[in-house]
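Have a look at the structure below before the remarks.
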(Lines of atoms letter the chains of each structure in order from A; the text may use other names.)
(Lines give C-alpha, C1' and ligand atoms only; values in the text may rest on other atoms or scores of the structure.)
Protein backbone atom coordinates (compact mmCIF):
# COMPACT_ATOMS: atom_id res chain seq x y z
CA UNK A 284 0.00 0.00 0.00
CA UNK A 285 1.22 3.47 -0.81
CA UNK A 286 0.84 6.58 1.29
CA UNK A 287 -2.15 8.72 0.37
CA UNK A 288 -0.98 12.11 -0.95
CA UNK A 289 -1.45 14.70 1.78
CA UNK A 290 -3.52 17.81 1.10
CA UNK A 291 -5.17 20.70 2.87
CA UNK A 292 -8.52 21.85 1.50
CA UNK A 293 -11.01 24.53 2.54
CA UNK A 294 -14.43 23.07 3.35
CA UNK A 295 -17.64 24.59 2.00
CA UNK A 296 -19.12 24.95 5.48
CA UNK A 297 -16.02 26.58 6.97
CA UNK A 298 -12.76 25.29 8.35
CA UNK A 299 -10.42 23.06 6.44
CA UNK A 300 -9.48 19.41 6.03
CA UNK A 301 -5.88 18.24 6.39
CA UNK A 302 -5.49 14.57 5.49
CA UNK A 303 -2.36 14.06 7.60
CA UNK A 304 -4.31 15.26 10.67
CA UNK A 305 -6.61 12.20 10.29
CA UNK A 306 -3.96 9.61 11.27
CA UNK A 307 -5.50 6.95 13.46
CA UNK A 308 -8.82 7.16 11.61
CA UNK A 309 -10.19 5.39 8.56
CA UNK A 310 -10.84 7.97 5.82
CA UNK A 311 -13.17 7.60 2.82
CA UNK A 312 -12.62 10.22 0.10
CA UNK A 313 -15.18 10.53 -2.67
CA UNK A 314 -14.30 12.57 -5.77
CA UNK A 315 -17.42 13.91 -7.49
CA UNK A 316 -18.70 16.60 -9.86
CA UNK A 317 -22.05 18.35 -10.14
CA UNK A 318 -22.34 17.35 -13.80
CA UNK A 319 -21.67 13.67 -13.07
CA UNK A 320 -24.93 11.70 -13.33
CA UNK A 321 -23.45 8.59 -11.67
CA UNK A 322 -22.30 10.69 -8.72
CA UNK A 323 -25.92 11.50 -7.91
CA UNK A 324 -26.78 7.80 -7.89
CA UNK A 325 -24.24 6.96 -5.18
CA UNK A 326 -24.76 9.99 -2.93
CA UNK A 327 -27.67 8.49 -0.90
CA UNK A 328 -25.62 5.34 -0.24
CA UNK A 329 -22.59 7.34 0.91
CA UNK A 330 -24.83 9.35 3.23
CA UNK A 331 -26.33 6.20 4.80
CA UNK A 332 -22.90 4.64 5.35
CA UNK A 333 -21.36 7.84 6.72
CA UNK A 334 -24.05 7.95 9.41
CA UNK A 335 -23.79 4.22 10.11
CA UNK A 336 -20.03 4.44 10.69
CA UNK A 337 -20.01 7.74 12.62
CA UNK A 338 -19.68 5.92 15.99
CA UNK A 339 -16.50 4.21 14.73
CA UNK A 340 -15.05 7.63 13.86
CA UNK A 341 -14.76 6.86 10.14
CA UNK A 342 -14.08 10.15 8.35
CA UNK A 343 -15.88 10.88 5.07
CA UNK A 344 -14.88 13.65 2.68
CA UNK A 345 -16.30 14.67 -0.70
CA UNK A 346 -14.05 16.53 -3.13
CA UNK A 347 -15.61 18.34 -6.09
CA UNK A 348 -13.35 18.35 -9.15
CA UNK A 349 -13.58 20.11 -12.52
CA UNK A 350 -16.44 22.12 -11.05
CA UNK A 351 -17.38 25.44 -9.44
CA UNK A 352 -18.17 25.96 -5.77
CA UNK A 353 -21.66 27.24 -6.63
CA UNK A 354 -22.56 24.22 -8.77
CA UNK A 355 -21.04 21.76 -6.31
CA UNK A 356 -23.01 23.26 -3.41
CA UNK A 357 -26.23 23.17 -5.47
CA UNK A 358 -25.58 19.50 -6.30
CA UNK A 359 -24.98 18.68 -2.64
CA UNK A 360 -28.17 20.42 -1.56
CA UNK A 361 -30.24 18.73 -4.27
CA UNK A 362 -28.80 15.29 -3.43
CA UNK A 363 -28.98 15.73 0.35
CA UNK A 364 -25.22 15.37 0.76
CA UNK A 365 -24.14 16.36 4.27
CA UNK A 366 -20.63 14.91 4.58
CA UNK A 367 -17.79 17.46 4.73
CA UNK A 368 -16.93 18.68 1.24
CA UNK A 369 -14.78 21.13 -0.63
CA UNK A 370 -13.57 22.08 -4.07
CA UNK A 371 -10.26 21.03 -5.61
CA UNK A 372 -9.79 24.53 -7.05
CA UNK A 373 -6.47 23.93 -8.82
CA UNK A 374 -6.87 20.27 -9.78
CA UNK A 375 -3.76 19.34 -7.78
CA UNK A 376 -5.56 16.88 -5.49
CA UNK A 377 -7.19 15.21 -8.51
CA UNK A 378 -3.81 14.95 -10.23
CA UNK A 379 -2.02 13.68 -7.10
CA UNK A 380 -4.61 10.91 -6.79
CA UNK A 381 -4.59 10.09 -10.51
CA UNK A 382 -8.32 10.73 -10.99
CA UNK A 383 -9.49 10.29 -14.58
CA UNK A 384 -13.24 10.09 -14.10
CA UNK A 385 -15.96 10.55 -11.56
CA UNK A 386 -17.05 9.19 -9.26
CA UNK A 387 -13.88 7.73 -7.72
CA UNK A 388 -13.62 6.70 -4.08
CA UNK A 389 -10.48 6.11 -2.00
CA UNK A 390 -10.26 4.13 1.23
CA UNK A 391 -7.38 5.19 3.46
CA UNK A 392 -6.27 3.19 6.49
CA UNK A 393 -5.42 4.48 9.97
CA UNK A 394 -1.76 4.90 8.95
CA UNK A 395 -2.57 7.14 5.97
CA UNK A 396 -2.07 4.45 3.32
CA UNK A 397 -4.42 3.88 0.39
CA UNK A 398 -5.95 0.43 0.88
CA UNK A 399 -8.31 0.52 -2.11
CA UNK A 400 -9.65 2.85 -4.77
CA UNK A 401 -12.83 2.34 -6.76
CA UNK A 402 -13.66 4.02 -10.06
CA UNK A 403 -17.39 4.24 -10.67
CA UNK A 404 -20.47 4.10 -8.46
CA UNK A 405 -19.95 2.55 -5.03
CA UNK A 406 -22.56 0.28 -3.47
CA UNK A 407 -23.45 -0.07 0.19
CA UNK A 408 -21.89 -3.54 0.18
CA UNK A 409 -18.60 -2.29 -1.26
CA UNK A 410 -18.39 0.60 1.21
CA UNK A 411 -19.10 -1.66 4.19
CA UNK A 412 -16.63 -4.31 3.00
CA UNK A 413 -13.75 -1.89 2.45
CA UNK A 414 -14.36 0.08 5.66
CA UNK A 415 -14.77 -3.06 7.80
CA UNK A 416 -11.38 -4.34 6.57
CA UNK A 417 -9.75 -1.22 8.02
CA UNK A 418 -11.49 -1.02 11.41
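Numbering (our numbering), first residue to last: 284 to 418.
By construction, the Cβ of each residue, glycine as well, lies at the ideal position given by its N, Cα and C atoms.
### Beta-carbon gap between residue 301 and residue 291 smaller than 8 Å
In contact: residue 301 and residue 291 (Cβ atoms closer than 8 Å).
### Query
Which partner residues does residue 292 have in the DSSP bridge list?
DSSP, once it has assigned bridges, lists 300 as partnering residue 292.
### Query
Under the rule that 16 or more other beta-carbon atoms within 10 Å means buried, what is residue 364, buried or exposed?
Buried, by the Cβ-count rule.
### Task
Determine the closest residue to residue 297 out of 370, 413 and 390, with distance taken between C-alpha atoms.
For the residues 370, 413 and 390, the minimum Cα distance to residue 297 belongs to 370.
#### Entry: Own chain, CB closer than 6 Å to residue 387, minus 5 neighbours either side, in chain order
So the qualifying residues of the chain are 314 and 402.
#### Entry: Burial state of residue 380 (16 or more Cβ within 10 Å)
Of the other Cβ atoms in all chains shown, 16 or more fall within 10 Å of the Cβ of residue 380; this residue is therefore buried.
#### Entry: Cutoff 8 Å; reference residue 398; Cβ partners in own chain excluding five residues on either side
Closer than 8 Å at the Cβ level, and outside the excluded window around residue 398, lie 284, 390, 391, 392, 413, 416 and 417.
### Query
What's the gap between the Cα of residue 288 and the Cα of residue 311?
Rounded to whole angstroms, residue 288 to residue 311 spans 14 Å at the Cα level.
### Query
Which partner residues of residue 401 appear in the DSSP bridge assignment?
The partner list for residue 401 (beta bridge, DSSP) reads 388.
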